[in-house]
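Engineer:
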Amino acid sequence: MGEVYLAQDTRLHRKVALKILPLKVAANQDRMRRFEQEATAAASLSHPNIAHIYEIGETQGVIFTAMEFVEGKTLREKIHLEGTELTKLLRYLQNVAEGLAKAHAAGVVHRDLKPDNIMITGDGHAKILDFGLAKLIEQRPPATSAQGSSEVDTAMMPQHSTPGTVIGTVGYMSPEQAQGKTEEIDHRSDIFSFGCILYEAATRKRAFAGKDALDSLHKIVHAQTPQICEVNPAAPSELQRIIRRCLAKDPEDRYQTIKDLAIELKDLRRELEAIDTNIPPPAVSEAPVAEVPPGQTLSATISTAPSSLSTRASSAEYVVAEIKKHKVAAIMVVGLMTLALLGVGFGVYRVLRQKKAALSFQSAKFTRLTSTGKSLRAAISPDGKWLVRVIDDGGQQSLWLKQVAVLNSDTQIVPPTELYYSGVAFSPNGNYIYYSVQEKNDPRGTLFQVPVLGGPARKLLTGINNAVTFSPDGNQIAFFYYFEDQDRLMIANADGTGERMLATRGGNEFF
């Protein structure tokens, strides 16, 4: 859509991607109004996996958008040109799903998700481009020739509700987009497009490739994709289930939120990475066994060996004979040798232990994650990817989430308030953040749970005033209730249900 230039922001001294809108779009007031509304909504998104929109402007009749310039390669290049391994592609797509979760929570739908709109940065993170711009792609007639996997032709179909057009990229449009059912297009259309990309990552082939654009559109509406195992036998069956649900023709049969999809994708990726890292090394080959020459029997082969070997005593036989003669001396010698070996072994163990401890300390690397000096409490997710922290600014506390490996990726997940936040913790699977909220003069607090990928906070328990502890499987939590006359050790399900008391302490006793 239009032309894109690499430009320099002279005021903030940064590179930006400058996108010039076509004159036909700029001249249409209704389309420009919709564009400004969508671009404004997209510009409000703040997520490390979404390319930020800095500015929407006009100069000398030219409409432009200034966007974050992302250096790297497109996901299409990673899939088709570099042949990136599946586990890495799943990590990129997990990033994409997390970014979409943020957008969908804000009511923003992409509508033109495809590998060309996903950039992979040099440090291996995915960023989604062109949020809110899909409706402005210029019309192009359907192609009549065969299309390769790198083509990104755009088709515009008549709407069924009101006059106008619906657009999207052939091969990645949802059935409702392909049929022009504008009233049915919502965040689940993005989930279908995401499934097309996921299929392409697993098979290196387009999910709905056809002879031409119209054939592809027909397949999107009526045909099922081939099983990924038919194209890539090494692909896990769990991935097939995820893709099949994404590509359901009826939006009601798809994932209802991209957040649920992101969680399943993360779990699958972790399982695949665990399998990759736990594969045992190749077994050491045994010494080759001499084969019997053709025409000779085993007994004939043995008879050709020198006869002196069968008549001369071996060194082992000699040692055994001497031990039988001097049993007491042999026992003493063996005992002394054992003590000596134990002493040497213990000494070596202490030296190695001290050396290992010194080396591990010397090689430690400390990275500063914050710089404001306003952080009070913090927790890092089990996979080391996310940091959640409590910030106190002028007596008001708020909760912020940051992607550890990405600079300037802070996102506020709980707005500032005069309440106190404490007990921040991640669930063992890294999908949820738990925290307690307390009044200034009340030590008892309320436990909340909020999804890492975005969404409203959920109230779980009241009267709690400490961080929760999780069971190894993450299904239960333990915590304390403190009262004036009695302390209670409690346990509950991770969602706050099934609360029950395990033990109590009173008087001068406490937990």
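Residue numbering for the sequence shown follows the working numbering, beginning at 1454 and increasing consecutively. Note that the Cβ used here is the ideal one computed from N, Cα and C, for glycine as well.
Helix, strand or coil, according to DSSP, for Met1790 in the structure here?
Structural biologist: If DSSP states are grouped into helix, strand and coil, Met1790 belongs with the helices.
Engineer: Sorted by chain position, which residues of the same chain lie with C-beta nearer than 7 Å to Asn1928's C-beta, five sequence neighbours on each side aside?
Structural biologist: Cβ within range, chain order: Asn1946, Ala1947.
Engineer: How should Val1841 be labelled, buried or exposed, when 16 other C-beta atoms within 10 angstroms of its C-beta is the threshold for buried?
Structural biologist: Buried: at least 16 other Cβ atoms inside 10 Å.
Engineer: Could you spell out the range, first to last residue, of the beta strand (DSSP E) harbouring Glu1691?
Structural biologist: Premise fails: Glu1691 lies in the alpha helix (DSSP H), 1690-1699, not in any beta strand (DSSP E).
Engineer: Only counting the same chain, and skipping five residues up and downstream in sequence, which positions put a Cβ closer than 7 Å to that of Val1515?
Structural biologist: Once the five neighbours on either side are set aside, the close Cβ partners of Val1515 are Ile1473.
Engineer: Assuming Ile1944 and Ala1931 form a contact by the criterion Cβ under 8 Å, report the distance between their Cβ atoms to the nearest whole angstrom.
Structural biologist: Contact flag correct, Cβ pair sits at about 5 Å.
Engineer: For Met1572, which residues does DSSP report across the bridge?
Structural biologist: Paired residues: Thr1527, Lys1580.
Engineer: In chain order, what are the residue ranges of uninterrupted beta strand (DSSP E) at least 3 long that sit wholly in the stretch 1866-1933?
Structural biologist: Listed in chain order, the complete beta strand (DSSP E) runs (minimum 3 residues) inside the stretch 1866-1933 are 1873-1879, 1885-1891, 1898-1904, 1911-1917.
Engineer: Let me make sure I understand the geometry here. Which of Asp1926, Val1903, Glu1691, Arg1897 has the alpha-carbon closest to that of Arg1941?
Structural biologist: Measuring from the Cα of Arg1941, the nearest candidate turns out to be Arg1897.
Engineer: With DSSP as the reference, label Leu1721 as helix, strand or coil.
Structural biologist: Helix, per DSSP.
Engineer: Nearest CA to the CA of Ala1666: which residue from Ala1687, Arg1464, Gly1624, Pro1475?
Structural biologist: Minimum Cα distance to Ala1666 is reached at Gly1624.
Engineer: Rounded to whole angstroms, what is the Cα-Cα separation between Ile1571 and Leu1528?
Structural biologist: Cα to Cα, Ile1571 sits roughly 6 Å from Leu1528.
Engineer: Suppose the cutoff is 6 Å on Cβ atoms and the five residues either side in sequence are ignored; what does the same chain contact list for Ser1875 look like?
Structural biologist: Hits under 6 Å: Ser1889.
Engineer: Between the stretch 1505-1512 and the stretch 1544-1552, do three or more beta carbon pairs fall short of 8 Å?
Structural biologist: Because the criterion of three Cβ pairs below 8 Å is not met, the stretch 1505-1512 and the stretch 1544-1552 do not touch.
Engineer: Please state whether DSSP places Glu1653 in a helix, a strand or coil.
Structural biologist: If DSSP states are grouped into helix, strand and coil, Glu1653 belongs with the helices.
Engineer: Can you tell me which of the three DSSP states Lys1855 falls into?
Structural biologist: Lys1855: strand per DSSP, three-state reduction.
Engineer: How far does the alpha helix (DSSP H) with Gly1552 in it extend, from its first residue to its last?
Structural biologist: Here the alpha helix (DSSP H) through Gly1552 covers 1539-1558.
Engineer: Considering only residues of the same chain and omitting the five flanking positions on each side of Gln1849, which have a CB-CB separation below 8 Å?
Structural biologist: Cβ neighbours of Gln1849 beyond the five flanking positions: Pro1869, Thr1870, Glu1871.
Engineer: Quick check on the burial criterion: 16 or more other C-beta atoms within 10 angstroms. Buried or exposed for Gln1630?
Structural biologist: Per the 10 Å Cβ criterion, buried.
Engineer: Considering only C-alpha positions, which residue in the set Ser1880, Leu1829, Pro1925, Asp1483 is nearest to Ile1845?
Structural biologist: Inspection of the sequence shows that residue 1845 is occupied by Asp rather than by Ile. Asp1845 has its Cα closest to that of Leu1829, out of Ser1880, Leu1829, Pro1925, Asp1483.
Engineer: Tell me which residues share the same chain as Leu1906 and place their Cβ nearer than 6 Å to its Cβ, disregarding the 5 neighbours each side in the sequence.
Structural biologist: Cβ neighbours of Leu1906 beyond the five flanking positions: Glu1551, Ala1554, Lys1712, Ala1715.
Engineer: Would you say Ile1866 and Leu1852 are within 7 Å of each other, going by their C-beta atoms?
Structural biologist: Yes, the Cβ-Cβ distance between Ile1866 and Leu1852 is below 7 Å.
Engineer: Could you tell me how far apart the beta carbons of Lys1912 and Thr1899 are, in whole angstroms, since I believe they sit closer than 8 Å?
Structural biologist: Indeed, because the Cβ distance is near 6 Å, the residues count as touching under 8 Å.
Engineer: Indicate whether Leu1471 and Ala1460 have their beta-carbon atoms separated by less than 7 Å.
Structural biologist: Yes; because the gap between Cβ atoms is below 7 Å, this pair is in contact.
Engineer: Cα-Cα, which of Gly1951, Glu1892, Asn1882 is closest to Leu1914?
Structural biologist: Closest option to Leu1914, Cα to Cα, is Gly1951.
Engineer: Compare the C-alpha of Leu1725 against each of Lys1702, Glu1691, Tyr1458 and name the closest.
Structural biologist: Looking at the Cα atoms, Glu1691 is the closest of the given residues.
Engineer: Hey, could you find the ends of the beta strand (DSSP E) Ile1503 is sitting in?
Structural biologist: Here Ile1503 belongs to no beta strand (DSSP E), and DSSP marks it neither H nor E.
Engineer: My output table needs one value for Ser1973: the three-state DSSP class, helix, strand or coil.
Structural biologist: This structure cannot speak to residue 1973, because the chain is shown only from 1454 to 1964.
Engineer: Would Ala1437 and Thr1678 be called neighbours here (beta carbons separated by less than 7 Å)?
Structural biologist: No answer is possible for residue 1437: it lies beyond the span of the chain, which begins at 1454 and ends at 1964.
Engineer: For Pro1925 and Asn1882, I'd like the C-alpha separation in whole angstroms.
Structural biologist: Cα-Cα distance, rounded: 10 Å.
Engineer: Could you check the C-alpha separation between Gln1680 and Ala1655 for me, to the nearest Å?
Structural biologist: In a straight line, the C-alpha of Gln1680 is about 11 Å away from that of Ala1655.
Engineer: Is it the case that the stretch 1480-1489 contacts the stretch 1520-1539, given that we only count it when at least three CB pairs across the two stretches are under 8 Å?
Structural biologist: No contact exists between the stretch 1520-1539 and the stretch 1480-1489.
Engineer: Throw me the rounded Cβ distance for the Thr1540 and Arg1698 pair, which I believe falls under 8 Å.
Structural biologist: Incorrect: roughly 21 Å between the Cβ atoms, too far for contact.
Engineer: Tyr1885 and Pro1904: beta carbons closer than 7 Å?
Structural biologist: Contact flag set, yes.
Engineer: Mind checking who Tyr1935 pairs with in its DSSP beta bridge?
Structural biologist: According to DSSP, which records beta bridges pairwise, Tyr1935 is partnered with Asp1940.
Engineer: Does the beta-carbon distance from Pro1501 to Gln1939 come in below 7 Å?
Structural biologist: For Pro1501 and Gln1939, no; Cβs fall outside 7 Å.
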